[in-house]
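Chemist:
Chains as they are written, first to last, in the working numbering: chain A, 11 to 321; chain B, 28 to 317.
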């Protein structure tokens with residue numbers, strides 16, 4: 011008995027320094043695990059943003075040269091008709107895309123919230139385009155919107171011979187084609203967000219309003235939808251983000267054409283930085299895009315964080 | 028009488044709702060249906076019929092062409108080699124980014140230390156930056172590392188810019204687990220990795236599924252990184268599809284375009300059909316949180 015005790019104290023005494031090292035290692039381990047990611051984030055996100063920012067102040071063309079010319083590239087950018095068209099398109103495309111997606115998403119979510127049989131199947135159908143690449147979406151709609159063989163011909167075959175639908179080749183209307191395809195792809199997602207929100211609405215409140223004799227449309231308008239303000243907010247940020255980043259849809263659906271009438275900023279950046287050897291100009295356009303995202307994101311994150319702190 | 032008319036109008040309203048929902052479902056399904064129909068027709072049928080006219084028979088010529096002989100830019104081997112490229116990019120990129128995200132999320136949620144919240148904040152911004160702002164430096168870095176135009180390079184890029192999302196997913200999941208779970212284990216002398224392997228990982232199945240599905244869809248559907256960082260023989264299927272559609276030697280082959288698009292969409296559609304529940308969860312987790 012005594013012997014065993016003695017052996018135990020001995021082994022504990024031996025272990026002590028080792029255990030201390032282990033403890034210290036245990037303290038460091040979590041930090042050690044995060045280190046690679048931290049380095050990657052600092053270099054490949056923040057470092058690269060700085061790098062691009064510096065590039066945008068040089069007259070680099072095919073290769074980076076560190077010859078600083080101040081804000082000359084930004085002056086050139088905002089003198090460039092193609093860039094102005096792209097910005098203009100982004101406002102039009104983004105605005106319509108967000109608006110229609112929100113409207114359609116809310117509408118579908120409310121309809122689906124009426125204790126619908128087969129709700130699961132319908133939800134699956136509205137949401138499946140979200141699983142598809144924008145390149146596939148663009149390819150499909152390029153065919154559907156084909157001016158001679160697509161929807162136009164289909165409607166003609168129904169007997170409406172005067173129907174004309176050639177937006178894809180009309181420089182003034184081609185942006186609407188981008189909106190149609192993007193809404194098809196993303197509206198189901200907005201529906202899913204709102205449906206989740208609707209399921210979280212306090213049913214007692216709704217019942218109380220019903221007892222007071224309020225009609226369902228009034229209840230939706232006055233009580234339910236206002237309580238979903240955070241969902242509107244999140245959906246807006248996500249859709250705006252999708253719009254600003256939109257690149258593949260333009261590449262696949264219109265190629266930026268006719269001419270450059272359907273270019274978006276992301277396409278402008280790619281073309282100038284990678285195919286036209288205008289690295290400085292491309293970098294400047296990328297920085298403006300970043301500015302646009304931050305202008306939407308910073309107030310959003312700020313209010314999110316403040317909301318959490320108050321809660 | 029009054030009651031009757033009310034139920035009748037309510038009945039009518041319900042029919043209206045069902046009708047609207049069904050109509051919308053048809054509209055959402057139409058592009059996929061048209062793609063399928065078009066891919067089964069020959070060019071003559073396409074020119075003489077309409078989008079919705081049925082093919083005369085099951086004609087898989089266009090599928091065969093899209094798979095093995097259609098031209099995508101320089102070469103004419105169909106899109107099957109590029110489908111393989113996509114898998115070669117997606118599988119390691121998903122595995123690595125999920126693993127790293129799980130470890131990061133575990134630390135940020137359960138081993139907080141001074142600065143870990145700041146780390147998480149810095150990382151979160153990465154979910155939102157427009158990638159255009161990192162393309163030029165990344166291209167320089169990859170060519171400096173000798174990884175320009177390689178599959179390894181693309182895997183690296185997808186891992187680097189995927190970590191923000193995967194960490195977010197795991198962190199949000201682990202924050203919801205009871206903290207006693209690990210404090211008890213620590214009292215018993217279990218270390219950092221033991222707790223992770225023995226306690227945390229076995230509880231993580233749902234979030235692993237969500238993350239893997241999210242990353243798979245994101246990386247499979249990527250076009251931007253693919254078009255900027257891949258070489259002609261390492262292109263992912265999205266880039267090859269875009270080349271195929273925009274290459275036209277003698278007349279457009281809409282049927283081949285549609286077959287190729289369906290082939291490129293099939294893997295993610297399949298995942299969606301099989302695991303739609305998790306897909307939706309990933310979307311809302313990745314989107315609403317932030």
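A virtual CB, placed ideally from N, CA and C, is assigned to each residue, including glycine. Remember, predicted model here, so these are calculated numbers, not experimental data.
I want to see whether chain B comes within less than 8 Å of residue 74 (chain A), judged by CB atoms only; does it?
Modeler: Numbered from its first residue, the first chain carries residue 74 (chain A) at position 64. Taking Cβ atoms only, chain B reaches closer than 8 Å to residue 74 (chain A), which makes this a yes.
Chemist: In terms of residue numbering, what span does the alpha helix (DSSP H) encompassing residue 179 (chain B) cover?
Modeler: As a working mapping, residue 179 (chain B) is identified with position 152 in the second chain. Looking at the DSSP string, the run of the alpha helix (DSSP H) that includes residue 179 (chain B) is 178-202.
Chemist: Starting from residue 38 (chain B), find everything on chain A with Cβ-Cβ shorter than 8 Å and list it in chain order.
Modeler: By one-based count along the second chain, residue 38 (chain B) stands at place 11. Here the premise fails: no neighbours, minimum Cβ distance about 13 Å.
Chemist: When you compare the CB positions of residue 188 (chain A) and residue 272 (chain A), do they come within less than 8 Å of one another, or not?
Modeler: The sequence position of residue 188 (chain A) within the first chain is 178, counting from 1. The sequence position of residue 272 (chain A) within the first chain is 262, counting from 1. Contact: yes.
Chemist: Rounded to whole angstroms, what is the Cα-Cα separation between residue 223 (chain A) and residue 214 (chain A)?
Modeler: Counting from 1 along the first chain, the entry for residue 223 (chain A) is found at position 213. Counting from 1 along the first chain, the entry for residue 214 (chain A) is found at position 204. Taking the straight line from one Cα to the other gives about 14 Å.
Chemist: Do you know how far the Cα of residue 209 (chain A) is from the Cα of residue 100 (chain A)?
Modeler: Walking along the first chain from the start, residue 100 (chain A) turns up at place 90. Walking along the first chain from the start, residue 209 (chain A) turns up at place 199. Roughly 34 Å between the two C-alpha positions.
Chemist: What distance in whole Å lies between the Cβ atoms of residue 287 (chain B) and residue 93 (chain B), which are believed to be in contact at a cut-off of 8 Å?
Modeler: The residue labelled residue 93 (chain B) in the question sits at position 66 within the second chain. The residue labelled residue 287 (chain B) in the question sits at position 260 within the second chain. Confirmed, Cβ separation roughly 4 Å.
Chemist: Can you tell me whether DSSP reads residue 99 (chain B) as helix, strand or coil?
Modeler: On the second chain, residue 99 (chain B) is found 72 positions in, with the first residue counted as 1. In this structure, residue 99 (chain B) counts as strand in the three-state DSSP scheme.
Chemist: Since residue 244 (chain B) meets chain A, which of its residues come closer than 8 Å, beta carbon to beta carbon?
Modeler: Counting from 1 along the second chain, the entry for residue 244 (chain B) is found at position 217. Ordered by position in chain A, the residues that pass the 8 Å Cβ test against residue 244 (chain B) are 141.
Chemist: Would you report the Cα separation of residue 120 (chain A) and residue 120 (chain B), rounded to the nearest angstrom?
Modeler: Here residue 120 (chain A) refers to the residue found at position 110 of the first chain. Here residue 120 (chain B) refers to the residue found at position 93 of the second chain. Their backbone Cα atoms lie some 38 Å apart in a straight line.
Chemist: Buried or exposed: which applies to residue 303 (chain A), given that a residue is buried once 16 or more other Cβ atoms fall within 10 Å of its Cβ?
Modeler: Within the first chain, numbered from 1, the residue matching residue 303 (chain A) stands at position 293. Buried, because 16 or more other Cβ atoms sit within 10 Å of the Cβ of residue 303 (chain A).
Chemist: Out of A:216, A:192, A:48, A:202, which has the shortest C-alpha to C-alpha gap to residue 135 (chain A)?
Modeler: What you label residue 135 (chain A) is simply residue 125 of the first chain in a count that begins at 1. Ranking the options by Cα distance to residue 135 (chain A), first place goes to A:202.
Chemist: Could you give the DSSP three-state label for residue 257 (chain B): helix, strand or coil?
Modeler: For the purposes of this step, residue 257 (chain B) is identified with residue 230 of the second chain, where counting begins at 1. Of the three classes helix, strand and coil, the one that applies to residue 257 (chain B) here is strand, per DSSP.
Chemist: Please tell me whether residue 250 (chain B) and residue 184 (chain B) are closer than 8 Å, where the distance is taken between their beta carbons.
Modeler: Position 223 of the second chain, counted from the start, is the residue given in the question as residue 250 (chain B). Position 157 of the second chain, counted from the start, is the residue given in the question as residue 184 (chain B). Contact: no.
Chemist: Whole angstroms are fine: how far does the CA of residue 45 (chain B) sit from the CA of residue 35 (chain B)?
Modeler: Reading the second chain from its first residue, position 8 is the one you call residue 35 (chain B). Reading the second chain from its first residue, position 18 is the one you call residue 45 (chain B). Taking the straight line joining both Cα atoms gives about 15 Å.
Chemist: Taking Cβ-Cβ distances shorter than 7 Å, what residues in chain A pair up with residue 138 (chain B)?
Modeler: Your numbering for residue 138 (chain B) matches position 111 in the second chain. Those are 40, listed as they occur along chain A.
Chemist: List in chain order: all unbroken alpha helix (DSSP H) runs of 4+ residues lying wholly within the stretch 60-135 of chain B.
Modeler: Segments of the alpha helix (DSSP H) lying fully in the stretch 60-135 of chain B: 70-75, 88-95.
Chemist: Taking residue 167 (chain A) as the query, report the chain B residues whose CB atoms sit under 7 Å from its CB, ordered along the chain.
Modeler: Looking up residue 167 (chain A) in the first chain gives position 157. Residues of chain B passing the Cβ test: 77.
Chemist: Can you find the residues in the same chain that come closer than 6 Å, C-beta to C-beta, to residue 72 (chain A), ignoring five residues on each side of it along the sequence?
Modeler: On the first chain, residue 72 (chain A) is found 62 positions in, with the first residue counted as 1. Same-chain partners within the cutoff: 287.
Chemist: Going along the stretch 189-205 of chain A in order, which residues come within less than 8 Å of chain B, judged by CB to CB distance?
Modeler: Listed in sequence order: 194, 198, 199, 202, 203.
Chemist: Tell me, please, whether the stretch 196-213 of chain B touches the stretch 234-245 of chain B by the rule of three or more beta-carbon pairs shorter than 8 Å.
Modeler: Verdict: yes, contact present.
Chemist: With a threshold of 8 Å between beta-carbons, can residue 28 (chain A) be considered close to chain B, or not?
Modeler: Here the question's residue 28 (chain A) lines up with position 18 in the first chain. Taking Cβ atoms only, chain B never reaches closer than 8 Å to residue 28 (chain A), which makes this a no.
Chemist: Would you report the Cα separation of residue 189 (chain B) and residue 124 (chain B), rounded to the nearest angstrom?
Modeler: For this step, residue 189 (chain B) is matched to residue 162 along the second chain. For this step, residue 124 (chain B) is matched to residue 97 along the second chain. Their Cα atoms are separated by approximately 6 Å.
Chemist: Cβ closer than 9 Å: which chain B residues qualify as neighbours of residue 258 (chain A)?
Modeler: Looking up residue 258 (chain A) in the first chain gives position 248. By Cβ distance, chain B contributes 248, 249, 250, 251, 254, 265, 269.
Chemist: Between residue 312 (chain A) and chain B, is the shortest Cβ-Cβ distance under 8 Å, so that the two count as touching?
Modeler: The sequence position of residue 312 (chain A) within the first chain is 302, counting from 1. Residue 312 (chain A) does not count as touching chain B.
Chemist: So for residue 78 (chain A), helix, strand or coil by DSSP?
Modeler: Position 68 of the first chain holds residue 78 (chain A). If DSSP states are grouped into helix, strand and coil, residue 78 (chain A) belongs with the strands.
Chemist: Can you tell me where the alpha helix (DSSP H) holding residue 166 (chain A) begins and where it ends?
Modeler: Taking the first residue of the first chain as position 1, residue 166 (chain A) is located at position 156. Run containing residue 166 (chain A): 161-167, per the alpha helix (DSSP H) assignment.
Chemist: Report the neighbours of residue 274 (chain A) on chain B: residues whose CB is nearer than 7 Å to its CB, in chain order.
Modeler: Here the question's residue 274 (chain A) lines up with position 264 in the first chain. Residues of chain B passing the Cβ test: none, with the nearest at roughly 11 Å.
Chemist: I need the straight-line Cα distance from residue 155 (chain B) to residue 114 (chain B), nearest angstrom please.
Modeler: Working through the second chain from its first residue, we reach residue 155 (chain B) at position 128. Working through the second chain from its first residue, we reach residue 114 (chain B) at position 87. For residue 155 (chain B) and residue 114 (chain B), the distance between alpha carbons rounds to 26 Å.
Chemist: Which residue marks the beginning of the alpha helix (DSSP H) containing residue 109 (chain A), and which one marks its end?
Modeler: One-based indexing of the first chain puts residue 109 (chain A) at position 99. That run of the alpha helix (DSSP H) goes 91-122.
Chemist: For residue 58 (chain B) versus residue 168 (chain A), is the C-beta spacing smaller than 8 Å?
Modeler: Reading the second chain from its first residue, position 31 is the one you call residue 58 (chain B). Reading the first chain from its first residue, position 158 is the one you call residue 168 (chain A). For residue 58 (chain B) and residue 168 (chain A), no; Cβs fall outside 8 Å.
Chemist: Could you work out which residue in A:86, A:53, A:279, A:142 is closest to residue 295 (chain B) when comparing CA atoms only?
Modeler: Counting from one through the second chain, the residue named residue 295 (chain B) turns up at place 268. Ranking the options by Cα distance to residue 295 (chain B), first place goes to A:142.
Chemist: Quick one: Cα of residue 16 (chain A) to Cα of residue 222 (chain B), how far?
Modeler: The sequence position of residue 16 (chain A) within the first chain is 6, counting from 1. The sequence position of residue 222 (chain B) within the second chain is 195, counting from 1. With a pLDDT of 49 at residue 16 (chain A), under the threshold of 50, the modelled position of this residue cannot be trusted, and the question is left open.
Chemist: For the stretch 39-61 of chain B, enumerate the residues whose C-beta is nearer than 7 Å to any C-beta of chain A, in chain order.
Modeler: So the list reads 44, 47, 48, 51, 52, 55, 56, 58, 61, given in the order they occur along the chain.
Chemist: Buried or exposed: which applies to residue 242 (chain B), given that a residue is buried once 16 or more other Cβ atoms fall within 10 Å of its Cβ?
Modeler: Start at 1 with the first residue of the second chain, and residue 242 (chain B) comes out as number 215. Label assigned to residue 242 (chain B): buried.
Chemist: Between the alpha carbons of residue 117 (chain A) and residue 282 (chain A), how many angstroms are there, rounded?
Modeler: Within the first chain, the letter at position 107 stands for residue 117 (chain A). Within the first chain, the letter at position 272 stands for residue 282 (chain A). Near 40 Å, if we compare the C-alpha coordinates of residue 282 (chain A) and residue 117 (chain A).
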